[in-house]
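Heads up, the final residue of the first sequence is numbered 291 in the numbering used here, and it's a clean run with no missing numbers.
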Amino acid sequence: MPELPEVETIRRDLAPLVTGRTIVDVEVDPGTIHLLAGVPLETLRASLAGRTIRSLGRRGKYLLFELDDGRWWAAHLRMTGRLVWRPHDAPPEPYERARVVLDDGHDLRWSDLRKFGTWRVHASADEVVGRLGPEPIDPGLTAAQFRRVFEGRTAPVKAVLLDQRRFAGLGNIYVDEALFAARIRPDTPAGQLSRAALGRLYRACREVLERGIAHRGASFRDYVDGQGNEGRQHMFVQVFRRTGKPCYACGTPIERSIVGGRATHYCPRCQRPARRPQRREARRAG
DNA sequence: ATATACTCCTGCATGC
DNA sequence: TGCATGCAGGAGTATA
């Protein structure tokens, strides 16, 4: 399940390998319909073949290949996507669905067991990422801006964190980890969180994402980096998929529930429910 | 507008 | 043992 730290690890791995390389050809398994979202393969090939990759960026969970004609090839790994760099004559990857042939004898190999991943070429990067919220790790994101996103919302705080229009890059793993680090129950209505709780959450989101990057991502099942190697972050998770196991902080068994339609893991002792709707003085808009 | 349900697809764990 | 069921959870779309 590639989230921001996993996609960022892939970006860092691949950027030096693909920058300045020219795309020779594109091959896509005809059964992989989802990938091109209705765009004919020939259209995609015409967009990519002959183009030189200027840079490789990332926004939220999107990989953004900047092409030499000013356009952008956006790739989203969704749940089981992988993108690895391989010699052209290497055997196919497991569940390989597509490949991009480069001019130096290497390919970018696209694997995707469940075929949810998407590729698309856009005239501007904003077409892809314009609707995304700020990234929690953005140094320019202030605590006040962070808090404002939760104001007045009745949805569970977890659902707000997962909504890419609110914040970009968090997925199920890092949301559960951040809420544990902030000692917040995931089903707490977002608008009921105290200023102090939101301060903890602001710091926790940054910390868990930074730690995920430092550990080169979490490989619970499908994720591998740009070389095909697993990350290490799954060895350090506090609550995600630890149902029934003792909390590292207090020993209480970790519980599992469904919040916002997703499997959710939390410590019932460290993450106490909101006491009751907190009555706060009406605050003058600033 | 917001919040929720459903859908895409496949492998694997579970339970009868 | 075999087979059915449901779970995994990104995000676009549909619906209340």
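Positions of the beta carbon are idealized from the N, C-alpha and C atoms, including for glycine.
It should be emphasised that the depicted structure is a prediction, and the values quoted were computed from it without experimental measurement.
Taking the straight line between their C-alpha atoms, what separation do you get for residue i and residue j?
i           : j           : result
residue 93  : residue 24  : 17 angstroms
residue 219 : residue 210 : 14 angstroms
residue 3   : residue 125 : It is not possible to answer for residue 3, since the shown part of the chain is limited to 6 through 291.
residue 270 : residue 279 : 17 angstroms
residue 205 : residue 198 : 11 angstroms
residue 185 : residue 66  : 22 angstroms
residue 138 : residue 244 : 26 angstroms
residue 112 : residue 56  : 15 angstroms
residue 157 : residue 207 : 17 angstroms
residue 285 : residue 200 : Confidence is the limiting factor: at residue 285 the pLDDT is only 47, short of 50, which leaves the residue's position unreliable, though a coordinate-based value still follows. C-alpha separation (whole angstroms): 10 angstroms.
residue 12  : residue 63  : 7 angstroms
residue 187 : residue 88  : 33 angstroms
residue 35  : residue 119 : 14 angstroms
residue 10  : residue 242 : 14 angstroms
residue 217 : residue 196 : 28 angstroms
residue 41  : residue 100 : 17 angstroms
residue 223 : residue 45  : 34 angstroms
For residue i, does the count of other Cβ atoms within 10 angstroms reach 16, so buried, or fall short, so exposed?
i           : result
residue 7   : buried
residue 181 : buried
residue 52  : buried
residue 257 : exposed
residue 73  : exposed
residue 140 : buried
With H, G and I counted as helix, E and B as strand and the rest as coil, what does DSSP make of residue i?
i           : result
residue 13  : helix
residue 175 : coil
residue 61  : strand
residue 218 : helix
residue 207 : helix
residue 126 : strand
residue 193 : coil
residue 30  : strand
residue 106 : strand
residue 21  : helix
residue 93  : coil
residue 52  : helix
So what does residue i bridge to, in DSSP terms?
i           : result
residue 116 : 87, 101
residue 67  : 64, 81
residue 271 : 260
residue 248 : 259
residue 72  : 58
residue 111 : 92
residue 161 : 194
Check whether the region 105-120 and the region 19-33 are in contact - that is, three or more C-beta pairs closer than 8 angstroms. yes
Are the region 68-84 and the region 140-159 touching, with three or more C-beta to C-beta distances below 8 angstroms? Not touching, per the Cβ criterion.
Do the region 252-267 and the region 160-175 meet, that is, are 3 or more Cβ pairs less than 8 angstroms apart? yes
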